[in-house]
Amino acid sequence: MKENVFRQEGVKKELIQCLLFSGAGIGLMIYSLYYHGNAGIEWVMSPYLFPLLISIFLILLAVGLLAEVHHLAKAESTKKGATNAQISPKIEWKKLSITLSMIIIYYFAMPMIGFLISGFLFLVGMFWLLGERRIWLIALLAVGTPLILYGVFHELLHVMLP
Amino acid sequence: MGILEVFSYFLNPQFILIVFFGALTGLMVGAIPGLSVTMATALLVSVTYTWQTSNALAMIMGVYVVGVFSGAISAILINIPGAPASVVTTLDGYPLAKQGRAYTALKYATVYSFVGSIFSFILLWAMARPISAIALKFTPMDYFLLALFGLTTVGSLTAKSFAKGLISATVGLAVSMIGMDSVMGTPRLTLGISDLKSGVAIVPVLVGLFGMAEVLTVIAEGGVDGQILKIEKEVIKMKDILKHVFKSLYYCTLGTLIGALPGAGGPVASFIAYSQATKLEKNPSVPFGEGAVEGIVASESANNAVIGGALIPLLTLAIPGDAVTAIILSVFYVHGLQPGPMFIKTNPAMFSAILAGGLLACIFLLFLGLVVAPRISKLIAVPKKILLPIVVVLCVIGSFAGNNRMFDVLLMIVFGVIGFFMRRYGYSIASMTLAIVLGGMMDANFRRAVSLAASEDDKLMALFGRPISLILLVLTVITIAMNIPAVKKMLQKIKRA
Amino acid sequence: MMKRGLAFLLCVILVVGITACQNGKGNSAAGYPKKEITMIIPYGAGGTTDVTGRQLAAALEKQLGQSIVIVNQKGASGSVGTKTALDANPDGYTILYTADSLGTQRVMGISEYSYDDFTPIMAVVNDPKVIVVNKDSKYNTLEDLINDMKARPGKVKMSYTGPGGSGHVQALIYNQLGLDMALTAYTSGSECITAVLGNQVDFTNSNYSTVTGYLESGDLKLLGISAKNRIEKYPDVPTIVDVIPESEKHLSMPFTPLSIVVDKDCPEEVKTTLRKAALEAVKDPKWQEFVKNNNLDELYKQYPEIEDIQKFYKDWQSLVCWLLWDAGAAKNDPASFNISRPE
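Protein chains in written order, with my numbering: chain A, 6 to 167; chain B, 61 to 557; chain C, 245 to 587.
Written out as structure tokens, the structure is:
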């Protein structure tokens with residue numbers, strides 16, 4: 006019975022999360038202890054006190070999460086037709102990754118080719134990706150938005166936009 | 061600073077116009093995701109440099125009061141809070157909007173923001189000195205306990221998994237540790253990236269976690285074809301809204317007091333008020349987190365009450381009560397005013413200007429909120445595929461403009477991705493935000509308290525031997541204890557017996 | 245309806261676009277400065293650095309004929325703003341208005357920047373450090389405080405802004421004079437003052453301009469000046485040198501110098517123009533009034549030539565960096581940066 010519980014799809018994902026957090030907790034703990042050792046201050050005053058406490062807490066919680074998941078999964082596997090209720094709707098990974106790449110390119114392009122141009126390119130790309138096909142609208146918004154924002158922020162408010 | 065002086069400003073058309081202009085600006089800044097009131101005020105310092113001081117203050121008050129309120133607008137309509145102080149409003153505001161009842165949410169937000177602001181201004185006017193005297197009595201230990209108490213409210217923010225909510229908060233605490241430690245100056249968790257030395261600024265994080273993550277989530281779930289939501293016209297009776305006024309006064313008091321504590325501001329107040337609401341309301345109209353207007357009442361009353369509260373230490377001690385008042389302080393300097401304990405006595409005209417500006421701004425808030433906001437919310441009917449990319453660009457500017465750094469934009473993107481995954485796997489973003497806001501306060505003040513007590517002979521007394529500290533300690537311990545499931549079960553058994 | 249809205253939008257875009265392009269043209273005067281200059285203030289809005297910087301910029305604008313745009317970039321003891329100033333083109337259109345932390349960043353391990361990366365244009369002002377206590381404090385004179393610190397070493401509490409800050413340097417100097425106090429760090433100068441007002445600590449060491457308001461209202465008592473000269477407004481308040489004569493060799497230089505600097509790779513023309521303009525700007529009556537009201541030391545009078553300023557920085561770095569290193573507060577040995585011990 007126990008094996009079945011842990012093989013369920015949803016539970017696997019939760020397990021990964023538990024591992025992730027325990028790992029992070031342990032990492033943080035090692036970090037705090039190492040640096041604290043180097044600093045040589047008493048614990049109560051150390052900047053690494055809280056990080057250490059946090060790491061301990063995190064590890065405890067990861068274990069707690071494990072217990073919670075186990076509890077829930079057991080409860081659900083006894084119900085007929087248990088579904089993976091925890092997983093959210095289908096994800097369009099392609100669109101998401103393209104969006105993310107465009108955002109990252111936008112970030113790097115901005116200091117190089119300036120706010121206006123990079124903004125324009127980004128907006129054109131995004132509108133197209135999301136399905137907008139009215140060229141006049143794309144042109145209008147992709148040109149207008151960066152211009153207006155530039156006008157307000159750079160001219161009026163003296164923000165140093167690239 | 062008699063009543064006459066304040067009201068004389070009400071008769072000055074230029075003053076009124078400027079406050080209105082500020083109010084409009086505040087409305088837009090708060091409502092546009094990515095732009096925040098703090099950023100706008102900071103930028104206004106340069107803009108108003110050459111203006112007459114009373115006009116500069118008028119503009120700033122307009123932006124401040126309405127800006128804090130309008131953070132709720134985007135929080136409700138698109139689940140992206142306009143400022144850290146409006147994070148809690150998303151918890152119940154957005155579900156309401158999803159149910160098509162955005163009008164209700166907006167109206168409640170408007171009315172109670174108004175109540176919160178007016179309440180705090182009255183306190184500012186009448187009781188500035190006594191309140192600031194109380195605020196001064198708060199020692200670092202008290203700040204630590206307050207932050208700890210604030211963190212215990214995390215329990216009320218997580219609808220589903222308690223452990224996950226706590227994990228979010230813990231990770232948030234870890235994030236707040238990044239940067240140069242304020243007590244010893246040692247860099248922590250900077251992993252060799254020099255840009256991280258100044259820590260993780262809350263605005264880019266907020267914009268990323270809520271704004272960018274929301275955009276990513278919507279795109280990933282394929283919902284770009286529709287509109288964000290439909291809004292039904294509703295008739296909401298004022299009577300129903302005003303039912304909550306008494307509880308609201310409690311939240312307002314909390315907000316003003318927390319605002320008066322330097323270093324604690326809107327986010328802290330609204331989180332604590334919300335958690336108090338979850339305890340006070342035995343039978344909310346709808347469970348909290350699914351569209352309970354009581355949640356909006358708490359959050360909006362408190363975060364607007366912070367305004368008057370934060371002005372108190374500013375005007376009586378030249379110590380800002382929150383981020384925006386810190387900027388107002390610099391406006392004083394820039395215009396040649398000397399803030400300090402004598403400020404109210406030596407500059408009664410400025411004090412009246414601030415009060416007048418604030419009160420006028422409240423009136424405009426009511427007007428704009430009731431009349432204009434519903435119309436603006438129709439803007440949300442813009443198709444998502446057009447709105448979302450523009451939101452991204454706004455997020456980019458909003459993160460950049462705070463400190464003029466591209467790195468903040470990178471932070472925003474990183475937290476956007478983090479926020480996306482958090483949402484997918486059921487981790488509460490609000491808890492993490494709360495922890496990031498409170499983490500620094502907790503850590504630094506704890507060590508300061510220890511440092512202060514170190515040179516005393518009786519350490520335990522030095523740490524806790526004060527009325528405020530004891531009260532906070534007891535409250536915190538009780539709250540933590542009540543949240544442990546085992547204790548809860550025990551209490552339920554006792555009740556039944 | 246849509247069409248009208250669109251037409252309006254197009255007009256707005258055109259107008260904004262045209263105005264945005266105007267900025268490049270600027271005035272016709274040949275040479276520097278042809279367009280607006282950005283002054284970076286590596287601290288938040290409202291602090292002493294920010295306020296004096298803005299005042300100076302207002303006077304400087306008139307001399308240069310171009311507007312100066314102030315950009316605040318705070319963080320990491322001023323190193324964030326410093327980095328931006330160095331990353332920018334060394335064309336003279338980005339200038340830095342720095343505080344004293346630029347001298348200690350390397351030793352404190354905050355960054356690799358120092359005065360050596362810049363050419364000074366002018367040393368502007370210094371805000372004298374003063375010792376203040378709560379109005380109900382049991383100390384009434386500077387001697388009371390000093391005697392108590394001698395009698396109960398490590399028990400008298402002082403608030404300061406953390407390692408490396410000017411308050412810390414002052415504390416270390418007091419240690420050298422045999423005074424031992426218990427230090428607690430707060431995030432900013434004004435928080436240190438709050439700590440005194442709230443009776444959490446016994447005294448603090450502030451910049452004079454930040455405490456004037458409290459002195460007037462009586463919430464704080466001014467016990468002493470941490471410098472060689474007394475303050476005009478309070479002629480009866482002694483300086484530390486009055487009470488402890490040996491301290492003179494430690495307190496003989498300004499501790500919180502604020503200066504205008506530019507990237508050392510800027511063209512000579514830029515540097516000379518800025519210098520001339522700055523020296524004229526400080527004669528501006530509004531600036532003079534500001535300086536008088538806040539009792540700031542006018543450093544350009546003490547260090548008129550660039551060589552004087554550079555020597556001042558060198559001496560300052562020697563004194564302060566070695567003080568920090570010897571006290572164990574600094575991460576890096578000043579010797580590794582060729583900073584010699586003070587003579």
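The beta-carbon is built from N, C-alpha and C at its ideal position, and this holds for glycine as well.
Quick caveat, the model's predicted, so the values are computed rather than measured.
{"Check": "Cβ neighbour criterion (16 or more within 10 Å) applied to Asn139/B", "Outcome": "buried"}
{"Check": "Distance between Gly252/B and Leu496/C (C-alpha atoms, nearest Å)", "Outcome": "According to the sequence shown, residue 496/C is Ser rather than Leu. Their backbone Cα atoms lie some 38 angstroms apart in a straight line."}
{"Check": "Touch test, the segment 397–407 of chain C against the segment 433–446 of chain C, Cβ-Cβ under 8 angstroms, three pairs minimum", "Outcome": "yes"}
{"Check": "Helix, strand or coil at Val97/B according to DSSP, with G and I counted as helix", "Outcome": "helix"}
{"Check": "Straight-line Cα distance separating Leu330/C from Leu540/C", "Outcome": "28 angstroms"}
{"Check": "Reference Phe222/B, options Leu145/A, Leu70/A, Met107/A, closest by Cα", "Outcome": "Leu70/A"}
{"Check": "In chain order, each alpha helix (DSSP H) run of at least 4 residues that lies wholly inside the segment 342–419 of chain C", "Outcome": "386–395"}
{"Check": "Contacts around Leu535/B, its chain only, beta-carbon distance under 7 angstroms, and the 5 residues preceding and following it disregarded", "Outcome": "Phe209"}
{"Check": "Interfacial residues, the segment 459–479 of chain B to chain C, with Cβ spacing under 8 angstroms", "Outcome": "Asn463, Asn464, Arg465"}
{"Check": "Buried versus exposed, by CB contacts within 10 Å (16 or more), Glu47/A", "Outcome": "exposed"}
{"Check": "Cutoff 8 angstroms; reference Val260/B; Cβ partners in own chain excluding five residues on either side", "Outcome": "Val235, Ser236, Ile238, Gly239, Leu471, Ile496"}
{"Check": "In DSSP terms, what Gly468/C is bridged to", "Outcome": "Ile375/C"}
{"Check": "Buried versus exposed, by CB contacts within 10 Å (16 or more), Ser173/B", "Outcome": "buried"}
{"Check": "Where His494/C falls, given that 16 or more other Cβ within 10 Å makes a residue buried", "Outcome": "buried"}
{"Check": "Reduced DSSP secondary structure (H/G/I, E/B, other) of Phe198/B", "Outcome": "coil"}
{"Check": "CB of Ala471/C within 7 angstroms of CB of Pro372/C, strictly", "Outcome": "yes"}
{"Check": "Lys530/C at chain B interface by Cβ criterion, 7 angstroms", "Outcome": "no"}
{"Check": "Assumed close pair Lys257/B, Thr250/B - CB separation to whole angstroms, cut-off 8 angstroms", "Outcome": "6 angstroms"}
{"Check": "Where the alpha helix (DSSP H) containing Leu308/C begins and where it ends", "Outcome": "292–308"}
{"Check": "As assigned by DSSP and simplified to three states, the class of Arg189/B", "Outcome": "helix"}
{"Check": "Outcome for Phe181/B when other beta-carbon atoms lying within 10 angstroms are tallied against a minimum of 16", "Outcome": "buried"}
{"Check": "Interface residues of chain A facing Arg556/B [CB-CB closer than 7 angstroms]", "Outcome": "Within chain A, no residue comes near Arg556/B; the closest Cβ sits about 24 angstroms away, beyond 7 angstroms."}
{"Check": "Counted within 10 angstroms of its Cβ, other Cβ atoms place His412/C as buried (16 or more) or exposed", "Outcome": "buried"}
{"Check": "Enclosing beta strand (DSSP E) for Ala429/C [first to last residue]", "Outcome": "426–429"}
{"Check": "Length-filtered (4 minimum) alpha helix (DSSP H) runs lying within the segment 420–491 of chain B", "Outcome": "433–437, 444–463, 466–484"}
{"Check": "Status (buried if at least 16 other CB within 10 Å, exposed otherwise) for Thr516/C", "Outcome": "exposed"}
{"Check": "Top-ranked residue by Cα proximity to Met425/C, from Asp552/C, Asp509/C, Ile583/C, Arg396/C", "Outcome": "Arg396/C"}
{"Check": "Contacts that Thr230/B makes with chain A (C-beta to C-beta distance below 7 angstroms)", "Outcome": "Ile59, Phe62, Leu63, Leu66"}
{"Check": "Near-chain B residues of the segment 348–379 of chain C (beta-carbon distance less than 9 angstroms), N- to C-terminal order", "Outcome": "Met352, Gly353, Ile354, Ser355"}
{"Check": "Cβ of Arg298/C within 7 angstroms of any chain E Cβ", "Outcome": "Reference to chain E is not applicable here, since the protein chains of this structure are A, B and C."}
{"Check": "C-alpha distance - Ala165/B paired with His304/B, whole-angstrom precision", "Outcome": "14 angstroms"}
{"Check": "When Tyr154/B, Phe306/B, Ala370/B are compared against Gly418/B, the one with the closest alpha-carbon", "Outcome": "Ala370/B"}
{"Check": "Residue-level contact to chain C via CB, Leu112/B, 7 angstroms cutoff", "Outcome": "Note on residue identity: the sequence assigns Gln, not Leu, to residue 112/B. Output row for Gln112/B: interface = no."}
{"Check": "Own chain partners of Val123/B with C-beta closer than 8 angstroms, once the 5 adjacent residues on each side are dropped", "Outcome": "Gly82, Ala83, Thr85, Gly86, Val89, Val97, Ala100, Thr101, Leu104"}
{"Check": "Contact between the segment 190–205 of chain B and the segment 450–467 of chain B (3+ Cβ pairs under 8 angstroms)", "Outcome": "no"}
{"Check": "Residue-chain proximity (Ala329/C, chain B), Cβ-Cβ < 7 angstroms", "Outcome": "no"}
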